[in-house]
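Quick notes on the structure that follows.
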Amino acid sequence: MFVHLFTYRLKTLLRDRALVFWTLAFPLILATLFHLAFANLGPTAHFSSIPVAVIDNQDFQEAQAFQMTLEAMAREQDALLQVTITDRETAETLLRNEDIVGYILAGREMELHVNNTGLRQSIVNIFLNQFSQISDAIDVIITEKQTRGENIEAGFINDFINHAENRANYLQNVPAGRNRPNALFILYFALLGMSCFYGAYFGLTEVMDIEADLSVRAARLNLSPQHKLGAFLSNSSASLLLHFCGQLVLLAYLQWGLNVSFAGQRFFIILTTLAGSFTGLTMGAFIGTLVKGNYDFKESVITGVTMVGAFLAGLMFPDVKYFIHNTLPPLAWLNPVNLLADSYYALYYFEDYTRYAQNIALLLIFALIFCSGTYLSIRRKKYASL
Amino acid sequence: MQVFKLTLKIIQKNLLPMGIFVGVFLGISLFIGVSGTGTATSDFARTKIKIAFIAQEKTPLTQGLKDNLEKIAEFVEIGDSQGATDEALQEALFFGRIQYIVRIPSGFTEAFMASDKERAIIQKTARPADHSTKYADMFIQQYFNTANLYVQSFEGISAQQVAAKTKQNLDLETQVFMARVSGNNDTQGGTLLFFNFLAYSLLAILMLGISSTMRVFKDKNIQQRNACSPLPNRKLNMQLLAGNLLFAVALWFLMSGLCLLLQRSGIFSVGIVLFLANALLLTLWAASISFFIGNLVTSRNVIMAVTHVLALGTGFIGGVFVPQEFLGDRLLQFASFTPTFWYVKANTAIAQVSSWSDLSPDLLEAAGIQLAFAFAFLSLALLIGKKRNILPSY
């Protein structure tokens, strides 16, 4: 009987083509948008040239090294800055009209005039800092050499400047935890977590279709000789299968469509996703039975709980998660969305599986609570009238 | 006026589920608005990066690096005096107590002074997807590249001298002047985040609320009864629209009231007035999109999915969650076809405004485009409404 009910429930769900489409489409569309939004944060971040102006005053005339640097930059293809050399008034007008990000006054200590704080202004600031610091070092070295009476040959200064511009790399990046090619995929875990918990809507639909006082279809089902719990289990399994398949499609898309690699953790990621879908579904069912009201109300409670959970898990703004862990740790443990998100992160960060196991165990305890709650609510209900 | 009054009645009945949404989103917005008040001040004070500095040797050079890093970092001690274990460090990184780990191996200074490029390497671990750590990278590279100049130029120079001279050079910093004081100094960070988040929350609330109201009118029986009535379709749709718009504006009032509560400085400052005006525009186009979707789609689950995709999706590419500065150019071009993008753009501009004379034409452009979107979606909605209500003859 289980197989029969399971198959027909699956057919019923699949018949709602719009539902199927959106269950699949929603995470895929979001994954694509994520990918596009975060593409510029990776190691190949590309910024267009920043327009700035340099004031043509006496200091600038005397700053030969600076002039040479700017000229070299102008010859480059993808220059950091797009420089206009002009007088102060024009520069101020340009700045006011936001045609330039800021204007520069050359000197030993440079001056930068900007309108706002922001990324581009910071980049110009850093560039100027680095330039003046290196120039200062070069000046100090040359002066010192002259004081020592060392000979400075003709091409020395140029060679030296060239050498100074060849920056060496002193840092080696040690990945946090396991060896990961692209650290950004940690952000996709947020998406996976959120979409696992959208299984709650499936859970709600299941409860609606099994509780006789909630829908006509359920009333008919309760009249049949089929045991209510058996029907509920087979129906829910169909829902879980459908939702989980949607998640698998999302994982596949992430892996092959967007090149987000899960490097050897595939099995555990799928396992975590299954646990997440299951918990999401049971949470939806639990809320469906617990909360009294019409369908819209229950739906809104589920949305509310999922949203708050996702927010507190740091899925919209990562800093929230750290804030909670450091000030209110119990809140982190009581939030199933956070437990799911942390399971994914634990797979990424840690070599061993202790923290991962802890999180999954707690998550499944939640699922158990939801299951029991739902069971106790729907068992043996008799209605005087409907 | 019956349809109008009826719309309001339906909304009233739906008030409880709506109330939950509104409550949840407002709660989140408040949280953001209050805690998001960062150190965005009118000078270049950056939030300090939390760094765990682990040096396996203590030399003037490494001490010099540490002293210099104090300009941008807040050092966090992990572990005990024996040193931090790898696990403790990973945990700290995981829970956000630190953002960056610097590990200096023993023998580094010696290798550096000998210009041994291969052995003079510092290991760093950054928290993934945290782009503020790139600044720490640049800082450290700059320190050693500058120091290296001395090593290359003077044979037999001591580490102490190198450190001292490098420090002098690195004390040189560009003086930055703000041409004008940024508007809303204290609350710039929090308020901007609050209003940007509205692009997600208000859109979601309106889409869910308005579509559940519209669903009542889409019931086949009710549609047929309405088709028999003497009230022309156009008027029916207009009244429906009016009811929903009133609801939307009421929501705007609520959000504004809340926002004013958040304000500490100048309730009627230019910035706040502009933010609220922009939010009103948001309400208008969000309401018209919701009206359009409500006319188009009736299935509950589809509405839920469409809401999430549109609200969250446009939020991401429009710059609500990731600031527009960090988004790629092509993506921004694509996003400029969504009203969210223009709303966020206007907000970013408003955050910099400190007086009425600062109004830039960009702001007016963004406002105009948002109005255009509102108008476009409204027309589309009314068009669809008209077509849908023509039922086949029997």
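For the protein sequence lines, the chains are A and B, in the order given.
The numbering of the first sequence is the numbering used here, which starts it at -4 and goes up by one.
The numbering of the second sequence is the numbering used here, which starts it at -7 and goes up by one.
Virtual Cβ for every residue (Gly too), placed ideally from N, Cα, C.
Here the structure is a predicted model, which means the values were calculated and not measured.
inquiry  = Strictly under 9 Å for the Cβ-Cβ distance: is D208(A) near chain B by that measure?
reply    = In the first sequence, residue 208(A) corresponds to position 213, counting from 1. At least 9 Å separates the CB of D208(A) from every CB of chain B.
message = Do C366(A) and T277(A) have their beta-carbon atoms positioned less than 9 Å apart in this structure?
response = Indexing the first sequence from 1 puts residue 277(A) at position 282. Indexing the first sequence from 1 puts residue 366(A) at position 371. Taking 9 Å as the Cβ cut-off, T277(A) and C366(A) qualify as a contacting pair.
Distance between beta carbons of F369(B) and I281(B), contact taken as under 8 Å = Your numbering for residue 281(B) matches position 289 in the second sequence. Your numbering for residue 369(B) matches position 377 in the second sequence. Contact holds; Cβ gap of about 5 Å.
task = Consult DSSP for K287(A) and reduce its assignment to one of helix, strand or coil.
result = The count along the first sequence starts at 1 and reaches residue 287(A) at position 292. Annotated three-state conformation of K287(A) is coil, per DSSP.
task = Determine whether the Cβ of M311(A) lies closer than 9 Å to any Cβ atom of chain B.
result = One-based indexing of the first sequence puts residue 311(A) at position 316. M311(A) counts as touching chain B.
request  = Select from V14(B), S203(B), L375(B) and L198(B) the residue whose C-alpha is nearest the C-alpha of M230(B).
outcome  = The residue labelled residue 230(B) in the question sits at position 238 within the second sequence. Considering only V14(B), S203(B), L375(B) and L198(B), the residue with the shortest C-alpha distance to M230(B) is L375(B).
query = Using the rule of at least 16 other Cβ atoms within 10 Å of the residue's Cβ for burial, across every protein chain shown, is P220(A) buried or exposed?
reply = Mapped onto the first sequence, residue 220(A) falls at position 225. With fewer than 16 other Cβ atoms within 10 Å, it is exposed.
Short Cβ contact (9 Å threshold) for G263(B) with I202(B) = Numbered from 1 along the second sequence, position 271 holds the residue referred to as residue 263(B). Numbered from 1 along the second sequence, position 210 holds the residue referred to as residue 202(B). The answer is no: Cβ separation not under 9 Å.
task = Closer than 8 Å by beta-carbon distance: list the chain A residues that pair up with N161(B), in chain order.
result = Residue numbering aside, residue 161(B) sits at position 169 when the second sequence is read from its first letter. Chain-order list of chain A residues neighbouring N161(B): Q128, I129, D131, A132 and V135, by C-beta distance under 8 Å.
key: Which of helix, strand or coil DSSP assigns to I46(B)   = For the purposes of this step, residue 46(B) is identified with residue 54 of the second sequence, where counting begins at 1. In the three-state DSSP reduction, I46(B) falls in the strand class (E or B).
query = Near T284(A), which residues of its chain fall below 8 Å by C-beta distance, leaving aside the five closest residues on each side in sequence?
reply = As a first step, residue 284(A) must be located in the first sequence, where it is residue number 289. The residues V202, E206, G368, T369, S372 and I373, in chain order, have a CB closer than 8 Å to that of T284(A) in the same chain once the five nearest residues on each side in sequence are set aside.
inquiry  = On a Cα-Cα basis, can you pick out the residue from D134(A), M311(A) and V303(A) that is closest to G19(B)?
reply    = As a working mapping, residue 19(B) is identified with position 27 in the second sequence. For the residues D134(A), M311(A) and V303(A), the minimum Cα distance to G19(B) belongs to V303(A).
ask   = What does I121(A) reach in chain B if we use C-beta pairs closer than 8 Å?
value = Position 126 of the first sequence, counting from 1, holds the residue named residue 121(A). Within chain B, the residues near I121(A) are Y127 and M130.
request  = Measuring only between beta-carbons, confirm whether Q4(B) sits less than 9 Å from chain A.
outcome  = Residue numbering aside, residue 4(B) sits at position 12 when the second sequence is read from its first letter. Chain A contact via Cβ: absent.
Residue environment, D337(A), which counts as buried when at least 16 other CB atoms sit within 10 Å = By one-based count along the first sequence, residue 337(A) stands at place 342. By the 10 Å Cβ count, D337(A) comes out buried.
ask   = Taking the C-alpha atoms as reference points, what is the distance between G225(A) and V314(B)?
value = Reading the first sequence from its first residue, position 230 is the one you call residue 225(A). Reading the second sequence from its first residue, position 322 is the one you call residue 314(B). Computed Cα separation, rounded: 47 Å.
key: Whole-angstrom distance between L243(B) and L76(A), CA atom to CA atom   = Position 81 of the first sequence, counted from the first residue, corresponds to residue 76(A). Position 251 of the second sequence, counted from the first residue, corresponds to residue 243(B). Cα to Cα, the separation comes out at about 45 Å.
task = Whole angstroms is fine: what's the gap from I12(B)'s alpha carbon to I197(B)'s?
result = Locating residue 12(B) in the second sequence gives position 20, where the first residue counts as 1. Locating residue 197(B) in the second sequence gives position 205, where the first residue counts as 1. The alpha-carbon separation between I12(B) and I197(B) amounts to approximately 10 Å.
inquiry  = Can you look up R95(B) in the DSSP assignment and give me helix, strand or coil?
reply    = Here the question's residue 95(B) lines up with position 103 in the second sequence. Strand, per DSSP.
query = For the candidate residues L22(B), I24(B) and K42(B), whose alpha-carbon lies nearest to that of Y127(B)?
reply = As a first step, residue 127(B) is located in the second sequence; it is residue number 135 there, counting from the start. If we check each option's Cα against that of Y127(B), K42(B) comes out closest.
ask   = M105(A) touches chain B at which residues, Cβ-Cβ below 8 Å?
value = Residue 105(A) sits at position 110 when you count from the first residue of the first sequence. Within chain B, the residues near M105(A) are T166 and Q167.
ask   = Listed from N- to C-terminal order along the chain, which residues in the segment 137 to 160 of chain B have their beta-carbon within a distance smaller than 9 Å of any beta-carbon of chain A?
value = So the list reads N137, T138, A139, N140, L141, Y142, Q144, S145, F146, K157, T158 and Q160, given in the order they occur along the chain.
message = Under 8 Å: do the segment 349 to 369 of chain B and the segment 270 to 288 of chain B share three or more Cβ pairs, one atom per stretch?
response = In short, these stretches touch, since the Cβ pair count reaches three.
query = Which class does N176(B) belong to by DSSP, given the choice of helix, strand or coil?
reply = What you label residue 176(B) is simply residue 184 of the second sequence in a count that begins at 1. Because N176(B) sits at a pLDDT of 45, beneath the cut-off of 50, its placement in the model cannot be relied upon, and the point is left open.
message = Using a Cβ-Cβ cutoff of less than 8 Å, which residues in the same chain neighbour D204(A) once the five nearest sequence positions on both sides are dropped?
response = Residue mapping note: residue 204(A) aligns to position 209 of the first sequence, counting from 1. Setting aside the 5 residues that flank it on each side, D204(A) is surrounded in the same chain by S210, R212, A213, L216 and N230, each with a C-beta closer than 8 Å to its C-beta; the list follows chain order.
A101(A) vs V49(A) beta-carbon contact at 9 Å = Looking up residue 101(A) in the first sequence gives position 106. Looking up residue 49(A) in the first sequence gives position 54. At the C-beta level, A101(A) and V49(A) come within 9 Å of one another.
key: Chain-ordered neighbours of Y340(A) on chain B, where CB pairs are closer than 9 Å   = As a working note, residue 340(A) is residue 345 in the first sequence. Within 9 Å Cβ-Cβ: F86.
query = So T(-1)(B) and G235(B) are in contact, right, with Cβ under 8 Å, and what is the actual spacing, rounded?
reply = Locating residue -1(B) in the second sequence gives position 7, where the first residue counts as 1. Locating residue 235(B) in the second sequence gives position 243, where the first residue counts as 1. A Cβ-Cβ distance of about 3 Å is found for the pair T(-1)(B) and G235(B), placing them in contact under the 8 Å criterion.
task = Measure the CB-CB distance between N218(B) and K378(B) and report whether it falls below 9 Å.
result = As a working mapping, residue 218(B) is identified with position 226 in the second sequence. As a working mapping, residue 378(B) is identified with position 386 in the second sequence. No, they are not a contact pair.
query = Mind checking if T18(A) is an interface residue toward chain B, Cβ cutoff 9 Å exclusive?
reply = Working through the first sequence from its first residue, we reach residue 18(A) at position 23. Contacts with chain B at 9 Å (Cβ-Cβ) include T18(A).
query = CA-CA distance, E66(B) and E165(B)?
reply = Here residue 66(B) corresponds to residue number 74 of the second sequence, with the count starting at 1. Here residue 165(B) corresponds to residue number 173 of the second sequence, with the count starting at 1. Approximately 20 Å between the Cα atoms of the pair.
message = Would you say D108(B) lies against chain A (beta-carbon separation less than 9 Å)?
response = Within the second sequence, numbered from 1, the residue matching residue 108(B) stands at position 116. Taking 9 Å as the CB threshold, D108(B) stays off the interface with chain A.
ask   = What are the residues of the segment -1 to 24 of chain A that lie near chain B, defined by any Cβ-Cβ distance shorter than 9 Å?
value = When C-beta distances to chain B are compared with 9 Å, the residues of the segment -1 to 24 of chain A below that value are D11, A13, L14, F16, W17, T18, A20, F21 and I24, in chain order.
request  = Note down, in chain order, every chain A residue with its Cβ under 8 Å from the Cβ of Q344(B).
outcome  = What you label residue 344(B) is simply residue 352 of the second sequence in a count that begins at 1. Within chain A, the residues near Q344(B) are N110 and N111.
query = Quick one, are the C-beta atoms of A270(A) and A185(A) less than 9 Å apart?
reply = Walking along the first sequence from the start, residue 270(A) turns up at place 275. Walking along the first sequence from the start, residue 185(A) turns up at place 190. The answer is no: Cβ separation not under 9 Å.
request  = Grab me the residues of A373(B)'s own chain with a C-beta within less than 6 Å of its C-beta, minus the 5 sequence neighbours each way, in chain order.
outcome  = For this step, residue 373(B) is matched to residue 381 along the second sequence. Cβ neighbours of A373(B) beyond the five flanking positions: F283, F284 and N287.
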